[in-house]
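Student: The sequence shown begins at 16 in our numbering and counts up by one.
Each residue gets a CB set at the ideal place from its N, CA and C atoms; glycine is no exception.
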Amino acid sequence: ALPTDQWTPEYLGAHQSKSILSASREELYYSGIGKNLKARHQKAVNAIVNSGCRSIGFVSGWNDLEYLLWVLLNEKTGGHFRMRHVQVENPSNKLTPEFPDSEVCAVLFIDGKVTLGKKQFFDFSGR
16 ALPTDQWTPE YLGAHQSKSI LSASREELYY SGIGKNLKAR HQKAVNAIVN
66 SGCRSIGFVS GWNDLEYLLW VLLNEKTGGH FRMRHVQVEN PSNKLTPEFP
116 DSEVCAVLFI DGKVTLGKKQ FFDFSGR
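#1: Put LEU88 into one of helix, strand or coil per three-state DSSP.
#2: Around the Cβ of HIS95, are there at least 16 other Cβ atoms within 10 angstroms (buried) or fewer (exposed)?
#3: Of the choices LEU43, ARG97 and SER34, whose alpha-carbon is the least far from that of VAL60?
#4: With contact counted as at least three CB pairs below 8 Å, one residue from each stretch, are the stretch 79 to 89 and the stretch 111 to 120 in contact?
#5: Need the endpoints of the beta strand (DSSP E) that ILE71 sits in, please.
#6: When you compare each of THR111, ASN105 and SER66 to VAL122 by their alpha carbons, which one comes out closest?
#7: Establish whether the CB of LEU83 and some CB of chain C are separated by less than 8 Å.
#8: How should LEU36 be labelled, buried or exposed, when 16 other C-beta atoms within 10 angstroms of its C-beta is the threshold for buried?
#9: Drop a sphere of 10 angstroms on the beta-carbon of LEU110, count the other beta-carbons inside from all chains shown, and report buried for 16 or more, exposed for fewer.
#10: So, with DSSP's three-state summary, where would you put ARG142?
#11: Rounded to a whole number of angstroms, what is the C-alpha to C-alpha distance between ILE48 and LEU80?
#12: From this set, ARG99, HIS56 and LYS134, which residue's C-alpha is nearest SER70's C-alpha?
#13: Pull up the DSSP beta-bridge partners for LEU131, would you.
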């Protein structure tokens, strides 16, 4: 059995999420599973925007929250950026990319290291 004193209004109020009726769109995007990504996404997007890069590569896993990055980049650049998947490992890798690897000046990815040509890019934590 769970201790009932934990479920007081004071306890619940301090531990529950903000109401979806009063939360901003960005708060909703980064609620739930995305809660731990917000600071990392903002840091990475700010670094890219401040560098002047507008041709961005993205390496995604099977469950990465890519849409959140599109939203942040759109807000920060006024829509003046392009992003495409790089290092694609499925049959779509035979299709012509939206722009060549040589134009990619930044790569967003969650973990590890990416190499495009002679350029190396590192994950959000800077490793």
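Tutor: Taking the structure as given:
#1: Within the sequence shown, the letter at position 73 stands for residue 88. Three-state result, LEU88: helix.
#2: Looking up residue 95 in the sequence shown gives position 80. Counting Cβ neighbours within 10 Å, HIS95 comes out exposed, since fewer than 16 surround it.
#3: Indexing the sequence shown from 1 puts residue 60 at position 45. Comparing Cα-Cα distances from VAL60 to each of LEU43, ARG97 and SER34, the minimum goes to ARG97.
#4: no
#5: Stepping through the sequence shown from its first residue, residue 71 is reached at position 56. Run containing ILE71: 70 to 73, per the beta strand (DSSP E) assignment.
#6: The sequence position of residue 122 within the sequence shown is 107, counting from 1. Of the listed residues, the one whose Cα sits closest to VAL122 is SER66.
#7: No chain C appears in this structure, which consists of one protein chain only.
#8: Along the sequence shown, read from residue 1 onward, the residue named residue 36 stands at position 21. So LEU36 counts as exposed.
#9: Taking the sequence shown and counting its residues from 1, the one referred to as residue 110 is at position 95. That one is exposed.
#10: On the sequence shown, residue 142 is found 127 positions in, with the first residue counted as 1. A caution first: ARG142 carries a pLDDT of 44, below 50, which makes its placement in the model unreliable, though a value can still be read off. ARG142: coil per DSSP, three-state reduction.
#11: For the purposes of this step, residue 48 is identified with residue 33 of the sequence shown, where counting begins at 1. For the purposes of this step, residue 80 is identified with residue 65 of the sequence shown, where counting begins at 1. Spanning the two alpha carbons is a distance of roughly 9 Å.
#12: If you number the sequence shown from 1, residue 70 lands on position 55. That would be ARG99, whose Cα lies nearest to the Cα of SER70.
#13: Taking the first residue of the sequence shown as 1, we reach residue 131 at position 116. Note: LEU131 sits in a beta bridge opposite LYS134.
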